[in-house]
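Notes for the one structure printed next.
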Amino acid sequence: MPEIKPEDFEAGCLKPLSYHEDEISKAIVANVKRLDTDDKLARQKEALERYKYLGVFYVATPENYEDVRRFFHIFDDLFFGGLLRESCRIEFFPSDKMDARFSGFVDGYCETELPG
């Protein structure tokens, strides 16, 4: 399998099912290491600026949905090149609705969605 180029490790460019897990893992590590250098990608630079501009996130407060969403998008852009938003979705449910939807007590739920 070919190595994933930094410019391809971004939303809209990468086809995850075209690569082996090892190549994707190496690309994630390389992307994170880039944060400690001056070689950041444009998406990472923009995410850092948004983080500095937006400041404090109250993600521990369950009803603060917008801060959770904003933090998720910054986290995604910094570490995953925006790829998570192609295959992840954040939904908020009252706990009684979670019990009904997922049959049993849960505080959160994660479901894998593959693009396509």
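All letters in the sequence shown, in the order written, are residues 1081 to 1196 by my numbering.
The beta-carbon is built from N, C-alpha and C at its ideal position, and this holds for glycine as well.
Among the options, which has the Cα closest to the Cα of residue i?
i	options	result
residue 1101	1134, 1162, 1082	1082
residue 1030	1107, 1144, 1122, 1145	An answer regarding residue 1030 cannot be provided, because it is not within the stretch 1081 to 1196 covered by the chain.
residue 1164	1171, 1155, 1172	1155
residue 1171	1114, 1149, 1124, 1136	1149
residue 1167	1105, 1094, 1088	1094
residue 1160	1124, 1103, 1116	1124
residue 1173	1153, 1144, 1132, 1158	1144
residue 1128	1110, 1152, 1109	1152
residue 1091	1121, 1130, 1137, 1139	1121
residue 1113	1086, 1169, 1162	1086
residue 1132	1169, 1158, 1119	1158
Helix, strand or coil: how does DSSP classify residue i here?
i	result
residue 1148	helix
Would you say residue i faces chain B, with C-beta separation under 8 angstroms as the test?
i	result
residue 1104	The chain inventory of the structure shown lacks chain B, comprising one protein chain alone.
### Query
What residue ranges within the region 1085–1173 form continuous beta strand (DSSP E) runs of no fewer than 3 residues, ordered along the chain?
none
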